[in-house]
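Here the structure is laid out as structure tokens; the discussion comes afterwards.
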Amino acid sequence: MIFRQLFEAESATYTYLFGCTQTGQAVLLDPVLETMERDLQVLHDLGLRLSYTLETHIHADHVSSACKLKARVGSRIAGPAMDDLPCTDFGVAEERPLSLGSLHFQALFTPGHTDTHHAYLVVDGDTWRVFTGDALLIDGCGRTDFQNGDAATLYRS
Numbered sequence: 001m002i003f004r005q006l007f008e009a010e011s012a013t014y015t016y017l018f019g020c021t022q023t024g025q026a027v028l029l030d031p032v033l034e035t036m037e038r039d040l041q042v043l044h045d046l047g048l049r050l051s052y053t054l055e056t057h058i059h060a061d062h063v064s065s066a067c068k069l070k071a072r073v074g075s076r077i078a079g080p081a082m083d084d085l086p087c088t089d090f091g092v093a094e095e096r097p098l099s100l101g102s103l104h105f106q107a108l109f110t111p112g113h114t115d116t117h118h119a120y121l122v123v124d125g126d127t128w129r130v131f132t133g134d135a136l137l138i139d140g141c142g143r144t145d146f147q148n149g150d151a152a153t154l155y156r157s
């Protein structure tokens, strides 16, 4: 697995890049509109082709570049199926993971920050990683005071 953690300072958003060493395909998790050109350059530098963008949630503090990336490079958009967004090509759910080459993204329903928030267990052979989006941060969690957030639900997640 090729892996990079990328950061956008203004919104304090982390984007994660996953690349399959077997196929050269890549997934961007939670891509940010303001850093789209940087993300495309990193993909180019690594010799990867963006196949999917994957979202943990839709929120006012999370402005995604998924639609622009789809228009620019032909990538597909994956996100929580329960959001039922018309731009989504693949709706992920706990019973419907996303697989790409040797990479497998198992959705974990983690409501609270938003009512449809998902974390992802990413598996590549013997390597396992969990990406929690805004459900769990270092030293905190995402806010729950607007857009269908609920602190008690987030605590249980």
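Take the sequence shown: its position 39, counting from 1, is numbered 39 in UniProt numbering, and each next residue is one higher. We put the CB at the ideal spot given by N, CA and C, even for glycine. Small disclaimer: the values here were computed from a predicted structure and weren't measured.
Exercise for the section: Quick one: grab the DSSP three-state call for Ala66. Expected result: helix
Practice task
Return helix, strand or coil for His117, following the three-state DSSP convention.
Solution key: In this structure, His117 counts as coil in the three-state DSSP scheme.
Handout entry: Cβ pair Val92, Ala107 closer than 7 Å
Key = yes
Practice task
Whole angstroms is fine: what's the gap from Cys67's alpha carbon to Leu136's?
Solution key: 26 Å
Practice task
Confirm, please, whether the CB-CB distance from Thr127 to Ala119 is below 7 Å.
Solution key: No.
Handout entry: the segment 146-153 in contact with the segment 64-82 per 3-pair CB rule at 8 Å
Key = no
Practice task
May I have the straight-line CA-CA distance separating Gln22 from Leu46, to the nearest angstrom?
Solution key: 13 Å
Practice task
Could you pull the start and end residues of the alpha helix (DSSP H) that Thr127 belongs to?
Solution key: From DSSP, Thr127 is part of no alpha helix (DSSP H) but of the beta strand (DSSP E) over Thr127 to Phe131.
Practice task
Determine the burial state of Gln25: buried for a count of at least 16 other Cβ atoms within 10 Å of its Cβ, exposed for fewer.
Solution key: So Gln25 ends up on the buried side.
Practice task
Measure the Cβ-Cβ separation of His104 and Pro97 and say whether it is below 7 Å.
Solution key: yes
Handout entry: Residues near His59 in its chain [Cβ-Cβ closer than 7 Å; skip 5 each side]
Key = Thr114 and Gln147
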